[in-house]
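Using the numbering used here, you'd call the opening residue of the sequence shown number 149 and step up by one each time. Below is one structure, written out as structure tokens; the observations come after it.
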Amino acid sequence: MSTPILKAAARVLVALMLVVSLYLLLRGHNEPGGGFIGGLIAAAAFALLTVSHGAEHARRALRLDPVEILGIGLAAALGSGLFAALSGAEPFTGLWLLLGADGGGKGLPISTVLVFDIGVWLTVIGSVSALVLALEEGAEGEEG
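As structure tokens, this is what we get:
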């Protein structure tokens, strides 16, 4: 049973940790960070939510089953590598697409590297969250 102080602090900390997680995910292409460390921080946020509010609350916050999140992440990571192979390049070669590009070549650059990192991010969140929730639900079952 968690304390009211932990529950109140968790609300603020979880939001902050998820923002930092997204920042590290998006910054990781040019500087240290990326999908793995960002995923660990997001998974730690959901673990804090699990400890402070219970497994059911954390499952609702995740919105999808952690194993489904893991599967989506694996599919995204694999898809990013296959996209390069299907375009004639070596598998997992970084390719860029300019979304909304005009004739001057200006647009939002999206890369297969980013898709791969998002896949890693989701895979880490899904796998660690599945583990934490399984442990918490097992502990709740023993108490009840």
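Backbone N, C-alpha and C define an ideal beta-carbon position, used for all residues, glycine too.
| query | result |
| --- | --- |
| Simplified DSSP assignment, three categories, for P152 | helix |
| V160 burial status per 10 Å Cβ neighbour count (16 or more: buried) | exposed |
| Ordered list of alpha helix (DSSP H) runs contained in the segment 165 to 238, each at least 4 residues | 183 to 201, 203 to 210, 214 to 234 |
| Residue from S275, L218, T241 with nearest C-alpha to G229 | T241 |
| From A190, E216, T260, residue whose alpha carbon lies closest to that of A233 | T260 |
| Candidates G286, D265, V162: closest to A223 by CA position | D265 |
| Helix, strand or coil at L243 according to DSSP, with G and I counted as helix | coil |
| C-beta atoms of H201 and A158 nearer than 9 Å | yes |
| Test item: CB-CB of F194 and I258 under 9 Å | no |
| Unbroken alpha helix (DSSP H) run spanning D265, endpoints | 260 to 291 |
| Exposure of L256, with buried meaning 16 or more beta-carbon neighbours within 10 Å | exposed |
| CB contact flag (A203, L281, <9 Å) | yes |
| Cα-Cα separation, F184 to P152 | 32 Å |
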